[in-house]
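For the sequence shown, the residue numbers in numbering that gives the first Met the number 0 are 0 to 106.
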Amino acid sequence: MLGDQGEIRYVFPAVSAGPGGTGNFLVVVTASSISVLATRTLRSDRPVAVFAEFPRHTRLGPILPGPVIELDSIVFEFDEEYAAVVAAADAEIFAPETLPPDPLPEL
Numbered sequence: 000m001l002g003d004q005g006e007i008r009y010v011f012p013a014v015s016a017g018p019g020g021t022g023n024f025l026v027v028v029t030a031s032s033i034s035v036l037a038t039r040t041l042r043s044d045r046p047v048a049v050f051a052e053f054p055r056h057t058r059l060g061p062i063l064p065g066p067v068i069e070l071d072s073i074v075f076e077f078d079e080e081y082a083a084v085v086a087a088a089d090a091e092i093f094a095p096e097t098l099p100p101d102p103l104p105e106l
């Protein structure tokens, strides 16, 4: 579904609630892009279509209270436990010196 976008770096589930309705999504950050995949309502681990794509240099943050992020005027809400994933995805591109070394580089 993602084609040749490189290695998957980060994935987290999100929900969109707005004027267009509610939807379940997976935000997938690869080496070259950020893809928002629509998922089934009752099976949010099963993507069915690519909803939106952004260049990898798109900033996911700042994380707004909720926690929520906004991508191209679409607001996505996610569980607090994924805030570190969002921060790490942004840090990898915009502040790589702040990331800790990979504890398992051979994997």
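Where a beta carbon is used, it is the ideal one built from N, C-alpha and C, also for glycine.
Taking all protein chains shown into account, decide if residue i is buried (16 or more other Cβ within 10 angstroms of its Cβ) or exposed.
i    : result
D101 : exposed
L63  : exposed
A16  : exposed
I7   : exposed
A13  : buried
L98  : exposed
S34  : buried
Would you say residue i reaches chain B, if we count a Cβ-Cβ gap shorter than 8 Å as a contact?
i   : result
L98 : Going by chain labels, chain B is absent from the structure shown, which holds only one protein chain.
List, from N- to C-terminal side, the beta strand (DSSP E) runs of 3 residues or more that fit wholly inside the stretch 21-106. 32-38, 46-54, 67-70 and 73-76
Assess, as a yes-or-no matter, whether the stretch 37-52 is touched by the stretch 86-103 under the definition of 3 or more beta carbon pairs within less than 8 Å. no
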